[in-house]
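Chemist:
There are 2 protein chains.
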Amino acid sequence: MPFAVTSCDPGCRARTGSLALNHGTVSTPCFMPVGTNATVKAMKNSDLEAIGVNLILGNTYHLYLRPGREVIRGAGGLHSFMGWRHNILTDSGGYQIFSLSSFRKVEDEGVLFRSHLDGSSHRLTPEDVLDIQMVLGSDVMMPLDECTPPGISRDAALGALMRTTSWLQRTSLEWRGRQAAMTGQLFGIMQGNFFKDLRLRSASEIAELDLPGYAIGGLSVGEEFPVFRDLLHYSASLLPDDKPKYLMGIGTPQYILEAVEAGIDLFDCVFPTRTARNARVFSSEGPLSLRNEKYKDDFRPIDETCQCETCRNHSRAYLRHLFKAREIQAAVLATCHNLMWLHNFVQSIRAAISRGDFPRFKAEVLARLGETHDTPRQGGS
Amino acid sequence: MPFAVTSCDPGCRARTGSLALNHGTVSTPCFMPVGTNATVKAMKNSDLEAIGVNLILGNTYHLYLRPGREVIRGAGGLHSFMGWRHNILTDSGGYQIFSLSSFRKVEDEGVLFRSHLDGSSHRLTPEDVLDIQMVLGSDVMMPLDECTPPGISRDAALGALMRTTSWLQRTSLEWRGRQAAMTGQLFGIMQGNFFKDLRLRSASEIAELDLPGYAIGGLSVGEEFPVFRDLLHYSASLLPDDKPKYLMGIGTPQYILEAVEAGIDLFDCVFPTRTARNARVFSSEGPLSLRNEKYKDDFRPIDETCQCETCRNHSRAYLRHLFKAREIQAAVLATCHNLMWLHNFVQSIRAAISRGDFPRFKAEVLARLGETHDTPRQGGS
C-alpha cells in the first residue's frame, strides 16, 4: 500500500501518515505549494528543497494551454521541464475551466471551453485530461470533475455529481489500462455541492473504484466558515480511512487546523504564495501587512521564532522598504517566509498528533492567532 | 596600501590586483552588480554569495530618498539594513540627480533638486553626500560631482570640471577629518567631458589629493564606441597607476574588455541585471533573446559551458515559458545566469592577464561574441 497511517490522535480524527510516491515519500498531513505555471511563484526549486518541500501542485489547465502538451512531452515530462526532482500532484483543470474560461459547455462526453489566454476553443474529455497528466508525468493525477458553486439547486448538483462519477469511472478505466512502471496514482474526487445526501452518494460511488486516494472538491468556494466546517467533517468521514484524503484549495492556518482535525492528509492553496506577493505574511502572533507604516523602522524579523532565510537575514523594515520600492526581492523573500512558516506549522501539527495532543495544540494556536478566517480561494494562480 | 597590483599584461595596460576593503579583499578587475534600492534586483544575498560576488554598488540618491538616511542609521548602516556581509561601494548620487530629477539647480555650495519619487525639494552639499555615505557605512564612497552630457561647450565643461574638483577638495577635507576605524575609502572622480585637455587638467587636480582610488566619470553616456574608446584609453592613462581605477557605468563583455585593456580595475552597470529582466542573456556564442519562438522546444541550457544554477537545472524552453507566462522566476533565473556568466567572464580575464595573454584573449572573445556594442547605460536602476 502506498499510504500508511502512522499515528492517530485519540481525541479526534487527526492522523499522521506516509505516502509513497514515485519521487519520494511524503509525510502527512502535508501542505502542497501551488506551482501553476511550472514554477511555484517567486521560488527556486532549491528554495523549496531548503524548506523541505517534496510535493508541489501543478495546474493541468494552465500547462495544457501554455507551454502545451507537446513542449512538455519534448522535455520528457513536467519534472524534467521545470527541473524538479520531487513529487508533483496535478489537478484536473476542472476548477480552472469552470472559474477562468470565458466560455464553457459541459456535455456528457467532456467539456468545451475557451482559453482565458487567447480565446481559442478546446474540447477535453476525461480521457484527454488523464492523457495530459500522463504526459506531464504527474505523481498524483486528478480526474476531470464538474465543480459547482454554492447556491445551486439539488437537481443541478445531482447532475454534476452523476457526471463527475461517470467521468471518474471512465478515467479509472483508462488509467488501469495504461499502468506502467512510473504511472502516477489516480485519486477520485467527491462532489455533491452542499447537499449531505449527495456527498454520501458521491463518496460511496467513488470508493467503489478502489483508487489510491480521494479528494474533496467543491468546498472552500466562498461559503461561510461554519458551513465549510460542517460539510468538511461530514465529507471527510465518508471517505475510506485507509486512503489519503485530500482537501482541495485550503491554506490558512485556521482552515488547515480544521481540515487536519477532520482527518485530512493533503491540502493545497495559492493563499500563502499569493498573499506573500501582496506583503501579507504569517507570524506566530498572527498575520503582518508589511507595507504598514509602523514597520518603517522595525528592525525585528517577521517572526522571531522562524528560521527561514528571510527571518535569519532581514528585518520588517527592510521588507517594507522592498515592497515600497516594488522590488522583485520583496515577493521572493516574503514567499520564502510564508512557505517555510507554513511548512514548519504543519510539522508542528504532525508532532502534536504523534503526541496524541492535537485538540489542545489546535486550541492553543487559535487562541494565539485568532479565529479570524481569511478565506482562502481554491485554484487560480 | 589597500590596493596592490598583482600582475601586468606585457602587451597592454591590463593588470590584476587586490583591493583590501573593510568587508574583505576584492580581486580586480572586478565587475560590481548594481543594488540600487538596497537589493541587487531579483537576487538574494545568498545567490550573490554563491556566485562569488563580494563587492556590490548601492545608489546614494535612491537610498537617501527611500528609505532615507534615518531608517538606515537606525538599522546600523546599509550592510545591516540589507543583510549583506561583504563590500559596498556607493555612488554619489550625482549622476541620478542629473538624469532622474525633474528639476535641478547647481550652485557652488551644492545642488538643489526635486525627487523623482514625490517631487519633494532637496539640497545636498558635497559634505552632505559624504555624510549620507558615512551613515550607509559604505566601503568605498564617491564624492558629489557634476556629470555633463556629450555635446556641451568647452566653457560649460570647464565650469563643471572646476566645480567637481572644488567639491572633491571639500569632500576630501571632510573625509580626512572624520576618519575612524571602519571609515570607507574615498575615491576621486575625473570629469572633463569629451575635451582631452580638460580630462588632463581634472586628472592632475584630483591626483594631488592622494585619495585611495580614482574613477572616470562622464563616459558611456551615449557617445559612439570609438569616441568612448579613445577617451577611455586617454583618461585611464592619466590616473595614478598605484591606485585602483574605476570606470563608471559599463557592463557588456565588449566594453569590459576595452576597459580592462585600458588598465581599468573596477566597473559597474545595470546592463546585466536589467537586460536579464528583459529576457536577454549572455552566452559564449553571443546574447540570446529568450522570448524568441525558436527556443520553444530548445531543451539546451542557455550556455552549455555555464555552471550557474539556471544552466545546471533549466532549459531555454523552460525560461522562454516563464517569460511568456510573466513569472517572477523568469527574472530571477535570468539575472542569476547573467551575473554568474559575467563573473566567470571577468575571472577568465584575470586569468588571461596573469598568463600575460590578454590581447589574444580579447581578440578571441570578440571573434566569438562579435564586436557589436550593446550600449550600456550608466546609472538608473
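Protein chains in written order, with our numbering: chain C, 229 to 609; chain X, 229 to 609. Backbone N, C-alpha and C fix where the C-beta goes; we use that ideal spot for every residue, glycine too. None of the values given here were measured: they were computed from a predicted structure.
1. Using DSSP with H/G/I as helix, E/B as strand and the rest coil, what is residue 608(C)?
2. Assign residue 428(C) to one of three DSSP states: helix, strand, or coil.
3. Just list the residues that DSSP pairs residue 497(X) with in beta bridges.
4. Between the stretch 490-506 of chain C and the stretch 264-274 of chain C, do three or more beta carbon pairs fall short of 8 Å?
5. Is it right to say residue 557(C) is buried, meaning 16 or more other beta carbons lie within 10 angstroms of its own, or is it exposed?
6. Tell me whether the stretch 248-263 of chain C and the stretch 587-601 of chain C touch, counting them as touching only if at least three CB pairs, one residue from each stretch, are closer than 8 Å.
7. I'd like the list of long-range same chain contacts for residue 451(X), defined as Cβ closer than 6 Å, with 5 residues on each side in sequence excluded.
8. Could you have a look at residue 480(X) and say whether DSSP puts it in helix, strand or coil?
9. In whole angstroms, what separates the C-alpha of residue 552(X) from that of residue 362(X)?
10. Since residue 523(X) contacts residue 473(X) with CB under 8 Å, what's their CB separation in whole angstroms?
11. Using a Cβ-Cβ cut-off of 8 Å, state whether residue 543(C) counts as contacting chain X.
12. Do residue 370(X) and residue 329(X) have their C-beta atoms within less than 8 Å of each other?
13. Which residues in the same chain as residue 293(C) place their Cβ atom closer than 7 Å to its Cβ, once the five residues preceding and following it in sequence are excluded?
14. In whole angstroms, what separates the C-alpha of residue 584(X) from that of residue 245(X)?
15. With distance defined between alpha-carbon atoms, name the residue in 578(C), 324(C) and 359(C) nearest to residue 375(C).
16. Beta carbon of residue 594(C), beta carbon of residue 485(C): below 8 Å?
17. Below 8 Å on the Cβ atoms is my guess for residue 463(X) versus residue 427(X); work out the distance and round it to an integer in Å.
18. Cβ of residue 559(C) within 8 Å of Cβ of residue 518(C)?
19. Just the Cα atoms here: how many angstroms apart are residue 607(C) and residue 531(C)?
20. Among 448(X), 275(X) and 248(X), which one has its Cα closest to the Cα of residue 261(X)?
21. Between the stretch 557-572 of chain X and chain C, which residues of the former have CB atoms less than 7 Å from a CB of the latter, in chain order?
22. According to the Cβ coordinates, are residue 358(X) and residue 399(X) closer than 8 Å?
23. Which residues in chain X sit within 8 Å of residue 226(C), going by Cβ to Cβ distance?
24. Should residue 326(X) go down as buried or exposed, given a rule of 16 or more other Cβ atoms within 10 Å for buried?
25. Go ahead and pull the three-state DSSP assignment for residue 240(X).
26. Check each candidate in 520(C), 521(C) and 511(C) and name the one with the smallest Cα separation from residue 538(C).
27. Do residue 529(X) and residue 542(X) have their C-beta atoms within less than 8 Å of each other?
28. Using a beta-carbon distance cut-off of less than 9 Å, what residues from the stretch 481-513 of chain C approach chain X?
29. So if DSSP puts residue 474(X) in a beta bridge, which residue, or which two residues, is it bridged to?
30. Does residue 350(C) have its Cβ less than 8 Å from a Cβ in chain X?
31. Check each candidate in 525(C), 317(C) and 508(C) and name the one with the smallest Cα separation from residue 299(X).
32. I need the DSSP call for residue 350(X), collapsed to helix, strand or coil.
33. Tell me whether residue 521(X) is buried or exposed, calling it buried when 16 or more other Cβ atoms sit within 10 Å of its Cβ.
34. Taking all protein chains shown into account, decide if residue 202(C) is buried (16 or more other Cβ within 10 angstroms of its Cβ) or exposed.
35. Between 433(X), 414(X), 409(X) and 425(X), which lies nearest to residue 392(X) when the distance is taken from Cα to Cα?
Modeler: Taking the structure as given:
1. As a first step, residue 608(C) must be located in the first sequence, where it is residue number 380. Bear in mind that a pLDDT of 40 at residue 608(C), under 50, signals an unreliable position, so the number given afterwards is only what the model happens to contain. Coil.
2. As a first step, residue 428(C) must be located in the first sequence, where it is residue number 200. In this structure, residue 428(C) counts as helix in the three-state DSSP scheme.
3. Position 269 of the second sequence holds residue 497(X). 261(X).
4. Because the criterion of three Cβ pairs below 8 Å is met, the stretch 490-506 of chain C and the stretch 264-274 of chain C touch.
5. Stepping through the first sequence from its first residue, residue 557(C) is reached at position 329. Here residue 557(C) is buried, its C-beta having at least 16 other C-beta atoms within 10 Å.
6. With fewer than three CB-CB distances shorter than 8 Å, the stretch 248-263 of chain C does not count as touching the stretch 587-601 of chain C.
7. The residue given as residue 451(X) occupies position 223 in the second sequence. Cβ within range, chain order: 378.
8. Position 252 of the second sequence, counted from the start, is the residue given in the question as residue 480(X). DSSP places residue 480(X) in coil when its eight states are reduced to three.
9. As a working note, residue 552(X) is residue 324 in the second sequence. As a working note, residue 362(X) is residue 134 in the second sequence. CA-to-CA, the gap between residue 552(X) and residue 362(X) works out to about 43 Å.
10. Residue 523(X) sits at position 295 when you count from the first residue of the second sequence. Residue 473(X) sits at position 245 when you count from the first residue of the second sequence. About 39 Å separates the two Cβ atoms, so there is no contact after all.
11. Taking the first residue of the first sequence as position 1, residue 543(C) is located at position 315. Yes, because at least one Cβ of chain X sits closer than 8 Å to the Cβ of residue 543(C).
12. Along the second sequence, read from residue 1 onward, the residue named residue 370(X) stands at position 142. Along the second sequence, read from residue 1 onward, the residue named residue 329(X) stands at position 101. Cβ distance not < 8 Å, so residue 370(X) and residue 329(X) don't count as in contact.
13. Numbered from 1 along the first sequence, position 65 holds the residue referred to as residue 293(C). Beyond the five residues adjoining it in sequence on each side, residue 293(C) comes within less than 7 Å, by CB distance, of 343 and 345 in the same chain, given in chain order.
14. On the second sequence, residue 584(X) is found 356 positions in, with the first residue counted as 1. On the second sequence, residue 245(X) is found 17 positions in, with the first residue counted as 1. Whole-angstrom Cα-Cα distance: 14 Å.
15. Indexing the first sequence from 1 puts residue 375(C) at position 147. Closest option to residue 375(C), Cα to Cα, is 324(C).
16. By one-based count along the first sequence, residue 594(C) stands at place 366. By one-based count along the first sequence, residue 485(C) stands at place 257. It is a contact, given that the beta carbons lie within the stated cut-off.
17. Locating residue 463(X) in the second sequence gives position 235, where the first residue counts as 1. Locating residue 427(X) in the second sequence gives position 199, where the first residue counts as 1. Residue 463(X) to residue 427(X), Cβ: 5 Å. Contact.
18. In the first sequence, the residue the question calls residue 559(C) occupies position 331. In the first sequence, the residue the question calls residue 518(C) occupies position 290. Not a contact, by the Cβ cut-off of 8 Å.
19. Translated into positions along the first sequence, residue 607(C) becomes position 379. Translated into positions along the first sequence, residue 531(C) becomes position 303. With a pLDDT of only 44 at residue 607(C), under 50, the local geometry of the prediction cannot be trusted, and the value read off the model is given with reservation. Straight-line Cα distance between these residues: approximately 28 Å.
20. Along the second sequence, read from residue 1 onward, the residue named residue 261(X) stands at position 33. Sorting 448(X), 275(X) and 248(X) by C-alpha distance to the C-alpha of residue 261(X) places 275(X) at the top.
21. Contact residues of the stretch 557-572 of chain X toward chain C are 557, 559 and 560 (C-beta to C-beta distance below 7 Å).
22. Residue mapping note: residue 358(X) aligns to position 130 of the second sequence, counting from 1. Residue mapping note: residue 399(X) aligns to position 171 of the second sequence, counting from 1. The answer is yes: Cβ separation under 8 Å.
23. Missing from the structure shown is residue 226(C); chain C here goes from 229 to 609 and no further.
24. Against the second sequence, residue 326(X) aligns to sequence position 98. So residue 326(X) ends up on the buried side.
25. Mapped onto the second sequence, residue 240(X) falls at position 12. In this structure, residue 240(X) counts as coil in the three-state DSSP scheme.
26. Residue numbering aside, residue 538(C) sits at position 310 when the first sequence is read from its first letter. The shortest C-alpha separation from residue 538(C) is found at 511(C).
27. The sequence position of residue 529(X) within the second sequence is 301, counting from 1. The sequence position of residue 542(X) within the second sequence is 314, counting from 1. Remark: C-beta atoms of residue 529(X) and residue 542(X) approach each other more closely than 8 Å.
28. Shown in chain order are the members of the stretch 481-513 of chain C whose Cβ falls below 9 Å from a Cβ of chain X: 505.
29. Translated into positions along the second sequence, residue 474(X) becomes position 246. 443(X) and 494(X), per the DSSP bridge assignment.
30. As a working mapping, residue 350(C) is identified with position 122 in the first sequence. Chain X contact via Cβ: absent.
31. What you label residue 299(X) is simply residue 71 of the second sequence in a count that begins at 1. The alpha carbon of residue 299(X) has as its nearest neighbour, out of 525(C), 317(C) and 508(C), the alpha carbon of 525(C).
32. As a working mapping, residue 350(X) is identified with position 122 in the second sequence. The three-state reading of DSSP puts residue 350(X) in strand, counting E and B together.
33. Taking the second sequence and counting its residues from 1, the one referred to as residue 521(X) is at position 293. Result: exposed.
34. A question about residue 202(C) goes unanswered here, because the residues of chain C that appear run from 229 up to 609.
35. Translated into positions along the second sequence, residue 392(X) becomes position 164. The shortest C-alpha separation from residue 392(X) is found at 433(X).
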